[in-house]
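Notes follow the structure.
Residue numbers (my numbering): 823 to 1027.
So this is what it looks like as structure tokens:
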């Protein structure tokens, strides 16, 4: 029986005179993968940013691992790994240096070993010493995935995870999401592609 990792109740978000989220209710358990579908502008990215504690909801609540995303934001951030359109990487640092930096920020035990494992996992072991600024879009996306996995989060949030990736990269995403859910984690991601959503997710909303 799965444990509920994500609980959302009546979540709303408005910008000036525009409401982008209207009373969202959602629950996601350990081992589950959910795809958020819909056209641009319906609030998918906004929802992920709220859950990643990057912006606040206008009203309603959300809990991750039992912690409130507003009152307990510091704890929540340690439970969440986020792959966004913006890579959240430092261009002037190498691939390896970026992961070591975030490893230190999250107090990851054996961060250097973990960094090496993840660079290998995402196929960037030969690019470890290259600056992010010279990596291709697909390579940056792979590194963003490694960054999101670095601190072993319980909930993975991914905004269009296939962006910039080739077929091999798509397979990597599929494998990583499967591994994460089998290990008891939960996954919430956005996509415009119904076929891809059906391939990767247990639930579509």
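Ideal Cβ positions, reconstructed from N, Cα and C, are used throughout, including at glycine.
Measure the C-alpha to C-alpha separation of residue 978 and residue 839 and round it to an integer number of angstroms.
-> As a working note, residue 978 is residue 156 in the chain shown. As a working note, residue 839 is residue 17 in the chain shown. Linking residue 978 to residue 839 through their CA atoms gives a straight-line distance of about 31 Å.
Identify the continuous beta strand (DSSP E) that holds residue 960 and give its terminal residues.
-> To locate residue 960, count along the chain shown from 1; it is residue 138. Here residue 960 belongs to no beta strand (DSSP E); instead the alpha helix (DSSP H) covers 959–971.
DSSP beta-bridge partners for residue 859?
-> Against the chain shown, residue 859 aligns to sequence position 37. DSSP, once it has assigned bridges, lists no residue as partnering residue 859.
Status (buried if at least 16 other CB within 10 Å, exposed otherwise) for residue 857 | Residue numbering aside, residue 857 sits at position 35 when the chain shown is read from its first letter. Its Cβ being crowded by 16 or more others within 10 Å, residue 857 is buried.
DSSP beta-bridge partners of residue 948 | Taking the chain shown and counting its residues from 1, the one referred to as residue 948 is at position 126. Answer is none; residue 948 lacks a bridge partner.
Beta carbon of residue 881, beta carbon of residue 832: below 8 Å?
-> Within the chain shown, the letter at position 59 stands for residue 881. Within the chain shown, the letter at position 10 stands for residue 832. Yes, they are a contact pair.
Meets three-Cβ-pair contact criterion under 8 Å: the region 939–951 and the region 882–890 = Under the 8 Å Cβ criterion, the region 939–951 does not count as touching the region 882–890, having fewer than three qualifying pairs.
Helix, strand or coil: which one does DSSP assign to residue 931?
-> Indexing the chain shown from 1 puts residue 931 at position 109. Note: residue 931 maps to coil in three-state DSSP.
Going by alpha carbons, who is nearest to residue 764 out of 873, 1017 and 845?
-> A question about residue 764 goes unanswered here, because the residues of the chain that appear run from 823 up to 1027.
Excluding five sequence neighbours on each side, which residues of the same chain lie with their C-beta closer than 8 Å to the C-beta of residue 845?
-> As a working note, residue 845 is residue 23 in the chain shown. Listed in chain order, the non-local C-beta contacts of residue 845 below 8 Å within the same chain comprise 832, 833, 834 and 882, local neighbours out to five positions each way being set aside.
Taking the C-alpha atoms as reference points, what is the distance between residue 949 and residue 851?
-> Residue 949 sits at position 127 when you count from the first residue of the chain shown. Residue 851 sits at position 29 when you count from the first residue of the chain shown. Approximately 35 Å, taken between the alpha carbons.
For the region 912–927 and the region 988–999, state whether three or more C-beta atom pairs, one from each stretch, are separated by less than 8 Å.
-> The region 912–927, when compared against the region 988–999, does not touch it at the 8 Å Cβ threshold.
The alpha helix (DSSP H) enclosing residue 998, as first and last residue numbers | Walking along the chain shown from the start, residue 998 turns up at place 176. First-last of the alpha helix (DSSP H) with residue 998: 989–1004.
Under the three-state reduction of DSSP, which class applies to residue 1011: helix, strand or coil?
-> If you number the chain shown from 1, residue 1011 lands on position 189. Reduced to three states, the DSSP call for residue 1011 is strand.
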